[in-house]
Amino acid sequence: MKIIFAGTPEFAARALEALLAAGHEVVLVLTQPDRAAGRGMVLQASAVKKVALAHGIPVFQPERLKDRATHEPLRSACLEHGVELMVVAAYGLILPQAVLDLPRRGCINIHASLLPRWRGAAPIHRAIEAGDAQSGITIMQMEAGLDTGPMLLAAAVDIDAQDTTGTLHDRLAELGGRLVVDALARFGQLVPVPQPDAGVSYANKIDKTEAKLDWNQPAAVLARKVRAFNPFPGAVVTLDGQTVKAWRGDVAAGNGRPGQVLAADAAGIVVACGEAALRLTELQKPGGRRVTSADFLHGNPLRPD
Numbered sequence: 030m031k032i033i034f035a036g037t038p039e040f041a042a043r044a045l046e047a048l049l050a051a052g053h054e055v056v057l058v059l060t061q062p063d064r065a066a067g068r069g070m071v072l073q074a075s076a077v078k079k080v081a082l083a084h085g086i087p088v089f090q091p092e093r094l095k096d097r098a099t100h101e102p103l104r105s106a107c108l109e110h111g112v113e114l115m116v117v118a119a120y121g122l123i124l125p126q127a128v129l130d131l132p133r134r135g136c137i138n139i140h141a142s143l144l145p146r147w148r149g150a151a152p153i154h155r156a157i158e159a160g161d162a163q164s165g166i167t168i169m170q171m172e173a174g175l176d177t178g179p180m181l182l183a184a185a186v187d188i189d190a191q192d193t194t195g196t197l198h199d200r201l202a203e204l205g206g207r208l209v210v211d212a213l214a215r216f217g218q219l220v221p222v223p224q225p226d227a228g229v230s231y232a233n234k235i236d237k238t239e240a241k242l243d244w245n246q247p248a249a250v251l252a253r254k255v256r257a258f259n260p261f262p263g264a265v266v267t268l269d270g271q272t273v274k275a276w277r278g279d280v281a282a283g284n285g286r287p288g289q290v291l292a293a294d295a296a297g298i299v300v301a302c303g304e305a306a307l308r309l310t311e312l313q314k315p316g317g318r319r320v321t322s323a324d325f326l327h328g329n330p331l332r333p334d
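Every number in our numbering is 29 more than the matching position in the sequence shown, counting from 1.
Right under this line is the structure:
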């Protein structure tokens, strides 16, 4: 097919690469504007833009799409190249109905959840945070609502007990690429299925203020948050008055005052929670690198309270 692709992060870049490898002609890529990142706050191109430039595909980076005047590059691409479809994956801007109507066969979205569960911006984070047993990819037809369109294809993956958002993201990104290629190959035969009314939930965007863990919560909840916030934004904990990031942790036996250090050795730093305890095994001081709990304790000795 001749398509327009809209996406921004690595999750979307994997899908774009899969579509190109399958022989589809991407006539235009729509992605977020370059953003300042890193210690030097240097402008960085999105992962999708990098793939597009490597393949010589024109790139369009509007700040917003509310104004119809900004739709002109999309309209021109559809008319000039006979674009059949727009494929969208984690683009980051809501597409107005006028844009959805431009391609002859509409727009489809690669969404990283089993809809209607976890509509919205952060489905992978929220699935791990909630303790879901499964996640997956849904290919759906797009409409004006937030991830409300009818479903074309779906595939599930199990969430492992040690999965982080990073590891699950990588498996889902690969699955998304395979599934969208399959969807385009069978596009005329796929029957759209309306999403059920039951089971709807929303994956709100992750806010950095969520990163600070509250020792009053159960250890099982905090362990899921540590996994969900890895690699972004990183769970933040306070140990002996020091604020550090916690990258890995699991539930441990033990009781005490929430926040009390129950044990600190090579096996981990065990901290009492509202229920049971959390064993931290990988940490990071501000400005430092990620280290095991044993290495952390070499420079930051902690004694059980």
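Backbone N, C-alpha and C fix where the C-beta goes; we use that ideal spot for every residue, glycine too. Just so you know, these numbers come straight off a predicted model, no measurement behind them.
Residue interval of the beta strand (DSSP E) (run including residue i)
{"i": "T272", "result": "271 to 281"}
{"i": "Q73", "result": "71 to 73"}
{"i": "A293", "result": "290 to 294"}
{"i": "A301", "result": "297 to 301"}
Start-to-end residues for the alpha helix (DSSP H) that takes in residue i
{"i": "D187", "result": "Here D187 belongs to no alpha helix (DSSP H); instead the beta strand (DSSP E) covers 180 to 187."}
{"i": "F34", "result": "Here F34 belongs to no alpha helix (DSSP H); instead the beta strand (DSSP E) covers 31 to 36."}
{"i": "L204", "result": "194 to 214"}
{"i": "V56", "result": "First-last for V56: 54 to 59, but that is the beta strand (DSSP E), not the alpha helix (DSSP H)."}
{"i": "A173", "result": "No alpha helix (DSSP H) holds A173; DSSP gives it neither H nor E."}
{"i": "L131", "result": "Looking at the DSSP string, L131 is not in any alpha helix (DSSP H), and its letter there is neither H nor E."}
{"i": "V220", "result": "From DSSP, V220 is part of no alpha helix (DSSP H); its letter is neither H nor E."}
{"i": "R43", "result": "39 to 50"}
Chain D contact for residue i (CB, 8 Å cutoff)
{"i": "L213", "result": "Looking for chain D here will not work: only one protein chain is present."}
Presumed contact (8 Å Cβ cut-off) between residue i and residue j, rounded CB distance
{"i": "P152", "j": "P225", "result": "In fact, because the Cβ distance is near 17 Å, the residues do not count as touching under 8 Å."}
{"i": "V299", "j": "A249", "result": "No, V299 and A249 are not in contact; Cβ-Cβ is about 15 Å, not under 8 Å."}
{"i": "A232", "j": "A118", "result": "Incorrect: roughly 15 Å between the Cβ atoms, too far for contact."}
{"i": "G194", "j": "Y120", "result": "In the sequence as displayed, the identity of residue 194 is Thr instead of Gly. About 19 Å; that fails the 8 Å criterion."}
{"i": "V77", "j": "T99", "result": "Incorrect: roughly 18 Å between the Cβ atoms, too far for contact."}
{"i": "A301", "j": "R286", "result": "6 Å"}
{"i": "V186", "j": "L204", "result": "6 Å"}
{"i": "V116", "j": "I188", "result": "V116 to I188, Cβ: 26 Å. No contact."}
DSSP beta-bridge partners of residue i
{"i": "G149", "result": "A232"}
{"i": "T321", "result": "E311"}
{"i": "I168", "result": "I139, L182"}
{"i": "T267", "result": "T272"}
{"i": "M115", "result": "I33, C136"}
{"i": "R64", "result": "Q73"}
{"i": "V88", "result": "V58"}
{"i": "K241", "result": "V265"}
{"i": "A306", "result": "A281, A301"}
{"i": "P247", "result": "E304"}
{"i": "Q163", "result": "D187"}
Where residue i falls, given that 16 or more other Cβ within 10 Å makes a residue buried
{"i": "Q191", "result": "exposed"}
{"i": "V71", "result": "exposed"}
{"i": "L175", "result": "exposed"}
{"i": "I123", "result": "exposed"}
{"i": "G165", "result": "buried"}
{"i": "K237", "result": "exposed"}
{"i": "P132", "result": "buried"}
{"i": "T272", "result": "exposed"}
{"i": "N259", "result": "buried"}
{"i": "I67", "result": "Per the sequence shown, the amino acid found at residue 67 is Gly instead of Ile. When all chains shown are included, G67 counts as exposed."}
{"i": "L57", "result": "buried"}
{"i": "K95", "result": "exposed"}
{"i": "R215", "result": "exposed"}
{"i": "N138", "result": "buried"}
{"i": "L340", "result": "Residue 340 falls outside the range modelled here, since the chain spans only 30 to 334, and no answer is possible."}
Exercise. Below 8 Å, can you find three or more Cβ-Cβ pairs linking the stretch 45 to 53 to the stretch 205 to 212?
Worked result: yes
Exercise. Does the count of Cβ pairs from the stretch 239 to 255 and the stretch 213 to 222 closer than 8 Å reach three?
Worked result: no
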